[in-house]
Every structure is written in structure tokens, then in C-alpha cells.
Amino acid sequence: MTIALGFARARRAAASIGVVLALGAVLTATIDTAAAQSGPTRRAPAQGAGGAQTITAQIKNAIALTRSGKIDAGYAQLNAALDAADRLDDAQFVMEQYFDATAMLRAVKRDDLAEKLFVRAFQSKAAAQRPPGNADVLLMYAILLSDHARIAEAVPLYMKAIAAFNAYWGEGSEESLIASDKLAVALSANGSAASATNLGLHNFERAEKALGPDHRTTWKLANNYADMLREIGAPAKALELDLFAIEKRAKHYGENHLNTLVTVNNAGQDLLNLGRFDDARRYFRRHRAIAAAMAPKDPSFAGQADAWLFYTDMLAAGDAVIAPADLGRLEAIVANEANFADFLRIKSAVLAAGQREQRGERDKGMRLRETALAISTRAFTAQHPISFEIKLGIATALIATDPTRAVQAFAALDREMFDWMKREVGTSGDRAVAEAIRAHADHLLFAFGRFATGAGSAVAQPAFAAVLRWKTLGGADATALRRLETEVGGKDEETATLLRTALRLNGEKQELFSSGNIDDWARSVWGRQDAAKKALQKRLDAIGAKLPQDPIRPSQLLAAQEAVVNYFITRQWKADRQAKDPLAATVLYAIVETATSEPHVVDLGDPGRMVDTGVRTEIARGCARRGPPCLIPTRTRPTSRAASRISGRGCSRRWSRF
67 MTIALGFARA
77 RRAAASIGVV
87 LALGAVLTAT
97 IDTAAAQSGP
107 TRRAPAQGAG
117 GAQTITAQIK
127 NAIALTRSGK
137 IDAGYAQLNA
147 ALDAADRLDD
157 AQFVMEQYFD
167 ATAMLRAVKR
177 DDLAEKLFVR
187 AFQSKAAAQR
197 PPGNADVLLM
207 YAILLSDHAR
217 IAEAVPLYMK
227 AIAAFNAYWG
237 EGSEESLIAS
247 DKLAVALSAN
257 GSAASATNLG
267 LHNFERAEKA
277 LGPDHRTTWK
287 LANNYADMLR
297 EIGAPAKALE
307 LDLFAIEKRA
317 KHYGENHLNT
327 LVTVNNAGQD
337 LLNLGRFDDA
347 RRYFRRHRAI
357 AAAMAPKDPS
367 FAGQADAWLF
377 YTDMLAAGDA
387 VIAPADLGRL
397 EAIVANEANF
407 ADFLRIKSAV
417 LAAGQREQRG
427 ERDKGMRLRE
437 TALAISTRAF
447 TAQHPISFEI
457 KLGIATALIA
467 TDPTRAVQAF
477 AALDREMFDW
487 MKREVGTSGD
497 RAVAEAIRAH
507 ADHLLFAFGR
517 FATGAGSAVA
527 QPAFAAVLRW
537 KTLGGADATA
547 LRRLETEVGG
557 KDEETATLLR
567 TALRLNGEKQ
577 ELFSSGNIDD
587 WARSVWGRQD
597 AAKKALQKRL
607 DAIGAKLPQD
617 PIRPSQLLAA
627 QEAVVNYFIT
637 RQWKADRQAK
647 DPLAATVLYA
657 IVETATSEPH
667 VVDLGDPGRM
677 VDTGVRTEIA
687 RGCARRGPPC
697 LIPTRTRPTS
707 RAASRISGRG
717 CSRRWSRF
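Positions in the sequence shown are counted from 1; adding 66 to them yields the numbering used here.
So, in C-alpha cells, the structure goes:
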């Protein structure tokens, strides 16, 4: 998370701060500027370069005009000065001017004008000469695009920038590692959790090897990697890194330093997420002591620590009713955008929503949940683990007031998370990260299953039956490509070849991003995969074909006297996914389908405590209730191996009446 110095609003998106170790927008000009340049590279114009000196003065005047609010006049002067700069034979100087001009426009919230200058910079004569400044400006442009959730456009620019940093300063250099970290931060903020954590781990390990464990950039990358892990729900792994960073930073900077404070607060959040409330309070009190020492005359500086301590007390109370005054304080944190970090506001909103609903004030509770989602969507993206968690809370809250809307919310979130999950699990390079990512889907499916088999559940059962596609999480895109390749094979070899190329490159890209190694080969694969996708789409448009969108349902393959029973397991995880016993609950469902009726869902309970007779009875009732009778095998209790399959989440059997 980020903390605001002076308590200006802090956003998690990686806007202008370089690495997310910083403490908010107020610090962006002083800590880790977006360029990863070394000191000697940023230089004054050469002696006797009168033209350069004149242009520098013009740029400064234009910046002063823009900062005073005369943006149009300032922007016009910037363009004139940059035109003059490009006529000089000093490409590095020119790119430095573009860097300063775009940074200023971003500072005054005119990203639209900054983007125009970025485009113009790479059309300039100077850019064609490939000076070191190209790397800085490329990186700034990529950061702007990712800040606006245009991550697909941003990634190729990040890759070009990283390649340039590698060329100028060498792979493993501090400059190159910081540039690569910015890509990891952007991927994390935009919901690409697996690629972000793969790259975050790669950067941290490379920094340890190239720079050493006592280098401040190594601690910085540890801090940022921990941030990514905490956001996806892996607080135990994040805590290991935060404790490492605290030890190093306190020793180097001293206890009462901003960087120490940041990581101390992060460790408090890790412990809070693990349910270790007393330990979390200890770290938040340490945060408060540092803040008080740094700004003894400013009691507001310790305000965030006080807010985190208060939130910890409220959360630790569990289901107990919160006093009206405390509830009002929670909601005041939510509303105070200027003084509190987005992550704290989101958590406070969700906790307050539950309290309002507990009081029967469901409209107020829903408004708080919607506020939390708005904050998360803006600070992160709509396709981010934090946003998914809030959406699940909204869907669950709707069950009590509008079951039909609840079904729609669950079904929409199921589709959204399926697309996200198949990408993230497919590219995850770490088992703990993969489990943390999968836990988000597991919690959705667990809540959806409870809804589908609870009171008044009939409306939810057909929608819940669609979760069977999770048993083929290996990739719906790949499945669609293979289905079409099978259909056209031997009939349209040109299309079949394009389909096979797309499949191969898609798999290769997943493998490379799993490794976290963004090298020249990875960049070439990314480009070839994008080109193959476009070529395939052009071919499909030409022949009037489309990729299959909807999976084949089992009921479509059944005869009139047949039924199919699919077993499906849902799981609820504890906060510590790395614990020896990480599961809080497991439920097995039987989904009974026939060719002539809606699916019926049967809750079979904990598969580890199942009684065979009860299972046979429940499945038989489902078959009889929903369609023609079916034969039940003499033993239907899955073995422990079948019940615990990760990829299939269960098994299916098809029976017919003879």
C-alpha cells in the first residue's frame, strides 16, 4: 500500500513515483523519479551551447506559465521550445527536455497533453539517434498508459524501455532493475497478479545477486514485491519480505525515517490479514512512534497509525455489534479521501457495510460496498483481486434483499473471474502465489454454492451449474482454438495453420511470463503472438467464421433416458494460505443434469465426512425430481484422491436407464 505524507490522497496505481515504496503523491518529486537514470546522465548543456541555454530558459518559462494555471499558453510555448530543441545536434538534451515537459504536465493533471508530447518525442529527429534519454521517456510514457488502465498498450513500451536500460547500463544494474520493477508494479495495479509477482520475485532475486542484500534498491524491490503479494492475498510471504526490509532500512536510515515507517506499516497490514491482531497492533504502534518523532508538532502525521489501530480493534471484535460512535468513525475514514490511504478506506467501508446490514440498514450497507468498489476501481482496476473481493461482498449482500439480482451478480462475477483466473493461474510461477490467486475464485464458488443450496435457492441453481467449466480451467481460449482447428482441419489448411500458430505462441508466452524473465526472446514472442492473433482474426473475418464462445453442456449430449451427475468441490481458505492446514471448509456438490430439465444442485457436505447411503439417496432424489430415473452406482463416495483433485475439482459420471 502507499501512505500519504502530509496525508494527501495516496493511490496504489504507479503514477509517477517509480516504485511503490514511496509515500504518496506528495513525495513523487523527491523519491525515485519515474526515470531510472544515474546522476551523471542528467547533465547541463555543453559549454558554448547558446541555443541549448536559450531553449532551457524557454522551457522553464513555459513550465512556470503552466504551473500558474495558464496551461494553453504554457503548452504552446513548450511546443515551440521543443521544436527549437529538435533542430540542435544534441539528442540527449532534447529528450531531457521532453522528460521535464511531460513530467510537469502530469503534475498539473494534464495527461492528455503529456501523451501528445510523448508521441511527438518519438517522432523527433533526436529519438531516431537513440540517446540514453529515450529509455527515460519511454518509461514515463508506459507509466502514463498503465495509470489509465491501458496496460496492453503499456507493456510493449515497458519492454522497449527495459531493453534500452539494459543496453545503456547493463542487465542487473540498479537503473535496469528499477525500470523492470516499474513494469511489475504496473502489472500488479492492473490486475495481472501472476505476471507481476513472477517479475517482482525475479527482480528481487536479481537485485540480491547483482547489488547485494545490503543495497537500498534491493530493499526497495523487496518492499514492492511484498506489496504485490499482500494485494493478492499472500500475507505470510509478504511478511517475510517486509521483516527483511524493516531490518535493513532501520539499520541504514534509522528508526525514525519515512522508509522505515512505510515498511513497518506494511508489516502491520500483513499481520492484520493473518488475523494476528496483537502483533499487528504492535507494528501500528511502532508506526505511530516513528510518525510522532518525525513530526512532533503535527498530530495529524500519526493519524494513519491511529486509524489502523482503530480499524484493528473493530475487526478483532468479530461479529460483535460496533457502537454507533465507532461506526461513525469508520465511515468518516471512508469519506476522508484527503487524509487516508485508499486501502484503509476500502477495508473500513467493507467492515462498516457489514455492521449496517447487521442492523437491518441494508441500503446504507450497499452504498458503502459500492463506495468501496468505486475506490478500488479507481485506485487499482475493476479486474483486480481487491475489486473481486468487494464484488463478492455485494453479490452476497443481495441474497437477502433481491435473490434475482444476486444471481445476476454472482453469474457476472463468475464469468469475469473465470477469464481472469485462466490467465493468472496459467502464468503463475510460484505455488504459493497460484494458491493465493485461486483462493479468490474458491471463495466465489464457495459462496455461490451456499446460495444455490440455501433457502429460496431455486433461482440460483441453473446459474451455479455453469461453474462446471471451472473443471477445465486450463484455458477456454485454448479450448476454443482447438475446437475450431478440429473443425477446419483437412478442409481449410490456411486457417488451421494460423490456429496452430496461435496456440503454440500463446503457450510459449505463458511459459515465459511464468519465469519472470523479460528478455529479448520474451519480447519477440510477445510481438509474434500479437501478430498471430491479428492474422488469425483477419482470416476468420475473411471466411465469416468465429471462435466457439459457449462450451458444450453435458445435457446437450444426453439421450431422453439419461442423466449425468457431476461432482464439484468448493473450498474456503484460511487467511494464512501457507499454514499446515490452510482450508477452513470444503463442500462437495452433485450437479444433476438431464436433457429435458434444469440442473439440480445437491449439497453433499464435507467429502471427508461423507456417508455413502446419504449420498446415494440425495443423488437419486435429484435424478427423480429433475428428469428420468437414473442408476446409482453401489459406491458414490469419491476417494480422497478424487475429492482433492486440483485441476478437475471433482469428477462426473453418466448413467442410463436400461
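C-beta: ideal position from N, C-alpha, C; glycine also.
Can you check the segment 275-309 for any alpha helix (DSSP H) of at least 4 residues that lies completely inside it and give the ranges in chain order? If we require 4 residues or more, the alpha helix (DSSP H) runs fully inside the segment 275-309 come out as 282-298.
For ALA391, count neighbouring Cβ atoms within 10 angstroms of its own Cβ and tell me buried if that reaches 16, exposed if not. As a working note, residue 391 is residue 325 in the sequence shown. With fewer than 16 Cβ atoms within 10 Å of its Cβ, ALA391 is classed as exposed.
Is any beta-carbon of chain B found at less than 9 Å from that of PRO451? Annotation note: the requested chain B is absent from the structure, which comprises a single protein chain.
At a cut-off of 8 Å, is ASP152 close to the ligand MG when judged by its beta-carbon and the heavy atoms of the ligand? Ligands in the displayed structure: none, and consequently the ligand MG is not present.
Rounded separation between ALA355 and ALA407 - CA only: Residue numbering aside, residue 355 sits at position 289 when the sequence shown is read from its first letter. Residue numbering aside, residue 407 sits at position 341 when the sequence shown is read from its first letter. Between ALA355 and ALA407, the alpha-carbon positions lie close to 19 Å from each other.
Would you check if there are 3 or more beta carbon pairs closer than 8 Å linking the segment 561-570 to the segment 598-612? In the pairwise beta carbon analysis, the segment 561-570 is classified as touching the segment 598-612: at least three pairs are separated by under 8 Å.
Cut-off 7 Å between Cβ atoms - residues of its own chain near ARG282, not counting five sequence neighbours on either side: As a working mapping, residue 282 is identified with position 216 in the sequence shown. Here the set comprises HIS318.
Quick check on ILE609: buried or exposed, where buried means 16 or more other Cβ atoms within 10 Å of its Cβ? The residue labelled residue 609 in the question sits at position 543 within the sequence shown. Its Cβ having fewer than 16 others within 10 Å, ILE609 is exposed.
In chain order, which continuous runs of the beta strand (DSSP E) of length 3 or greater are located wholly inside the segment 440-487? The segment 440-487 contains no complete beta strand (DSSP E) run of 3 or more residues.
Could you spell out where the beta strand (DSSP E) holding LEU649 opens and where it closes? Here the question's residue 649 lines up with position 583 in the sequence shown. That run of the beta strand (DSSP E) goes 649-660.
Measuring alpha carbon to alpha carbon, tell me which residue in ARG425, HIS666, THR326 and VAL416 is nearest ILE456. Numbered from its first residue, the sequence shown carries residue 456 at position 390. Comparing alpha-carbon positions, the option among ARG425, HIS666, THR326 and VAL416 lying closest to ILE456 turns out to be VAL416.
Using the beta-carbon count (16 or more within 10 Å), is ARG701 buried or exposed? One-based indexing of the sequence shown puts residue 701 at position 635. Below a pLDDT of 50, predicted positions are generally treated as unreliable, and ARG701, at 34, falls in that range; the measurement from the model is reported next regardless. Classification for ARG701: exposed.
Could you please give the first and the last residue of the uninterrupted alpha helix (DSSP H) stretch that includes ILE209? In the sequence shown, residue 209 corresponds to position 143, counting from 1. 199-213 is the span of the alpha helix (DSSP H), which, as asked, contains ILE209.
My assumption, with CB atoms under 8 Å, is that LEU550 sits in contact with LEU613. Please give the rounded CB distance. In the sequence shown, counting from the first residue as 1, residue 550 sits at position 484. In the sequence shown, counting from the first residue as 1, residue 613 sits at position 547. At roughly 6 Å, the Cβ-Cβ gap stays under 8 Å, so LEU550 and LEU613 are in contact.
Around the Cβ of ALA123, are there at least 16 other Cβ atoms within 10 angstroms (buried) or fewer (exposed)? Along the sequence shown, one-based indexing puts residue 123 at 57. It is exposed - the Cβ of ALA123 has fewer than 16 other Cβ atoms within 10 Å.
I'd like to confirm the pairing. Which residues does DSSP put opposite TRP639 in its beta bridges? Along the sequence shown, read from residue 1 onward, the residue named residue 639 stands at position 573. TRP639 is bridged to LEU649.
Using the DSSP secondary-structure output, state which residues sit across from TYR633 in a beta bridge. For the purposes of this step, residue 633 is taken as the residue at position 567 of the sequence shown. For TYR633, which the question treats as bridged, DSSP gives the partners ALA656.
From this set, THR378, PHE517, ARG428 and PRO673, which residue's C-alpha is nearest SER414's C-alpha? For the purposes of this step, residue 414 is taken as the residue at position 348 of the sequence shown. The option with the nearest alpha carbon to SER414 is THR378.
In the structure shown, what three-state DSSP assignment does VAL174 receive? Reading the sequence shown from its first residue, position 108 is the one you call residue 174. Three-state result, VAL174: coil.
Alpha-carbon to alpha-carbon, ALA448 and THR328: Within the sequence shown, numbered from 1, the residue matching residue 328 stands at position 262. Within the sequence shown, numbered from 1, the residue matching residue 448 stands at position 382. With the sequence shown as reference, residue 328 is identified as Val, and Thr is not the correct amino acid for it. VAL328 and ALA448: Cα-Cα distance of roughly 26 Å.
For GLU427, the residue or residues it bridges with in DSSP: Walking along the sequence shown from the start, residue 427 turns up at place 361. DSSP output for GLU427 lists no bridge partner at all.
Output the boundary residues of the alpha helix (DSSP H) element that contains VAL668. Here residue 668 refers to the residue found at position 602 when the sequence shown is read from its first residue. Judged by DSSP secondary structure, VAL668 falls outside any alpha helix (DSSP H) and instead within the beta strand (DSSP E) spanning 666-669.
Which one of MET360, ASN339 and ALA333 has the shortest CA to CA distance from GLY320? As a first step, residue 320 is located in the sequence shown; it is residue number 254 there, counting from the start. Nearest of MET360, ASN339 and ALA333 to GLY320, Cα basis: MET360.
Rounded Cβ spacing between LEU295 and LYS303 (contact assumed at less than 8 Å): Sequence index remark: in the sequence shown, residue 295 carries index 229 (1-based). Sequence index remark: in the sequence shown, residue 303 carries index 237 (1-based). Indeed they touch by this definition, with Cβ atoms about 5 Å apart.
With 16 other CB atoms within 10 Å as the buried threshold, where does THR552 fall? Here residue 552 refers to the residue found at position 486 of the sequence shown. With fewer than 16 other Cβ atoms inside 10 Å of its own Cβ, THR552 counts as exposed.
Proximal residues to LEU171 (C-beta, below 6 Å), its chain only, five neighbours per side dropped: Here residue 171 refers to the residue found at position 105 when the sequence shown is read from its first residue. So the list reads LEU179 and ALA180, once near-sequence residues are dropped.
Taking ALA478 as the reference, which of LEU510, LEU396, LEU571 and ARG504 has the closest Cα? If you number the sequence shown from 1, residue 478 lands on position 412. With distances taken between Cα atoms, ALA478 lies closest to LEU510.
Check for me: the alpha helix (DSSP H) holding HIS506 runs from which residue to which? To locate residue 506, count along the sequence shown from 1; it is residue 440. Going by DSSP, HIS506 is part of the alpha helix (DSSP H) stretching over 497-518.
Just verifying my parser: in three-state terms, what is the DSSP assignment at ILE388? Numbered from its first residue, the sequence shown carries residue 388 at position 322. In this structure, ILE388 counts as coil in the three-state DSSP scheme.
Residues near THR470 by beta carbon distance below 7 Å, same chain, minus five either side: Working through the sequence shown from its first residue, we reach residue 470 at position 404. Closer than 7 Å at Cβ, skipping near neighbours: VAL525.
Nearest neighbour of THR652, chosen from ASN256, GLN638 and SER663 [CA to CA]: Taking the sequence shown and counting its residues from 1, one reaches residue 652 at position 586. Restricting attention to ASN256, GLN638 and SER663, the CA atom closest to the CA of THR652 is found in GLN638.
In whole angstroms, give me the CA-to-CA distance for LEU307 and VAL330. Within the sequence shown, numbered from 1, the residue matching residue 307 stands at position 241. Within the sequence shown, numbered from 1, the residue matching residue 330 stands at position 264. Answer to the nearest angstrom: the Cα atoms are 11 Å apart.
Tell me whether ALA611 is buried or exposed, calling it buried when 16 or more other Cβ atoms sit within 10 Å of its Cβ. Translated into positions along the sequence shown, residue 611 becomes position 545. Its Cβ having fewer than 16 others within 10 Å, ALA611 is exposed.
Straight-line gap, GLY540 to MET206 (C-alpha atoms, nearest Å): As a first step, residue 540 must be located in the sequence shown, where it is residue number 474. As a first step, residue 206 must be located in the sequence shown, where it is residue number 140. At GLY540, the pLDDT of 47 sits below 50, so the modelled position is not reliable and the matter cannot be decided from this model.
Is there contact between the segment 192-199 and the segment 417-428, where contact requires at least three CB pairs shorter than 8 Å? Output reads no: the segment 417-428 does not touch the segment 192-199.
Whole angstroms is fine: what's the gap from ALA500's alpha carbon to THR660's? Within the sequence shown, the letter at position 434 stands for residue 500. Within the sequence shown, the letter at position 594 stands for residue 660. When only Cα atoms are considered, ALA500 and THR660 end up about 35 Å apart.
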